[in-house]
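Let me begin by presenting the structure, written as structure tokens, before commenting on it.
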Amino acid sequence: MVTAPANVRFAILASGRGSNAIALMEAFHNGLVPAQLALVVSNKDDALVLERATSRGHVAICIPNTGKTREAHEQEVLDVLLEHRVDHVLLAGYMRILSPYFLSRFHGKVLNIHPSLLPEFPGLHGASSQWKARRKVVGATVHYVDEGVDSGPVLLQGSLVARGDEQADELADRLLLEVEHVIYPRAVRLFLDRLYPHA
Ligand code: GRF
125 MVTAPANVRF AILASGRGSN AIALMEAFHN GLVPAQLALV VSNKDDALVL
175 ERATSRGHVA ICIPNTGKTR EAHEQEVLDV LLEHRVDHVL LAGYMRILSP
225 YFLSRFHGKV LNIHPSLLPE FPGLHGASSQ WKARRKVVGA TVHYVDEGVD
275 SGPVLLQGSL VARGDEQADE LADRLLLEVE HVIYPRAVRL FLDRLYPHA
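Under this note's numbering, think of the first position of the sequence shown as 125, with each following residue one higher.
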């Protein structure tokens, strides 16, 4: 059965401040992503993203992972996603590795954003690694999530030219504002257009 995009339901999983999550919320709101944002989930109870989501009228749920096995925590997350009839998952600074079991439940339906031009600089510190390597062109990648670390197929990449006199944090901030917040919503739109070409 083909579901019309307007009825497709997404969840955002995030662990921190949620600037990419906000860019996505705006895209759901303004129609760039013609689907529903069903909820935002964080594993950190003090994550700024929770408050930022609720203040924009979204359902935001904290499922803490501390003191739980990975399996137990993931099962709680899966239960909440199923309860909210979530079709697709967007990782936005979610600092947990998803298990093969979780991914089998959402096969090909989980996207992530990473601050480097993958396959270069996977893992932590993608933005500062690009700065340290003095790359003239730096970028970010939205990719499908598979069982490896930032290793799934690339959906969309964006880049900017480094100024050369920027500090690492200045470059990382510019990468967020000028690239990540722009490409993630567009990548989700592309993802939907590919999945539902005739809708
Ligand atoms: C971003 O740099 C994203 O690429 C990476 O984690 C960071 C999250 O930042 N996966 P924010 O919470 O979206 O501001």
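We put the beta carbon where it would ideally sit given N, CA and C, even for glycine.
Item to complete: Please indicate yes or no: does the CB of Gly217 lie closer than 7 Å to some heavy atom of the ligand GRF?
Response: yes
By DSSP, does Ile146 sit in helix, in strand, or in coil? helix
Touching or not, the region 189 to 196 and the region 233 to 247, by the rule of three or more beta carbon pairs under 8 Å? no
Neighbourhood of Val107 by C-beta distance below 7 Å, restricted to the same chain and skipping five residues each side: No answer is possible for residue 107: it lies beyond the span of the chain, which begins at 125 and ends at 323.
Q) Which residue spans inside the region 164 to 236 form an unbroken beta strand (DSSP E) run of at least 3? A) 184 to 186, 212 to 215
The ligand GRF and Glu71: does the residue's C-beta get closer than 7 Å to at least one heavy atom of that ligand? No answer is possible for residue 71: it lies beyond the span of the chain, which begins at 125 and ends at 323.
**Message:** Rounded to the nearest angstrom, what separates Ser143 and Arg180 at their Cα positions?
**Reply:** 13 Å
As a quick exercise: from Ser139, Asn154, Ala311, pick the residue whose alpha carbon is nearest that of Asp170. Ser139
Among Ala216, Glu294, Ser252, nearest to Leu172 - alpha-carbon criterion: Ala216
Q: Identify every run of the beta strand (DSSP E) within the region 240 to 288, keeping only runs that are complete inside it and at least 3 residues long; order them along the chain.
A: 261 to 268, 278 to 285
query = Under 7 Å from any heavy atom of the ligand GRF, does the C-beta of Gly142 make it?
reply = yes
Short check: CB of Val210 to CB of Ala162, under 8 Å? yes
N- and C-terminal bounds of the alpha helix (DSSP H) containing Ala135
Note, Ala135: premise wrong, no alpha helix (DSSP H); beta strand (DSSP E) at 133 to 137.
Exposure of Met125, with buried meaning 16 or more beta-carbon neighbours within 10 Å: Because the pLDDT at Met125 is just 41, under 50, the model does not fix this residue reliably, and the point stays unresolved.
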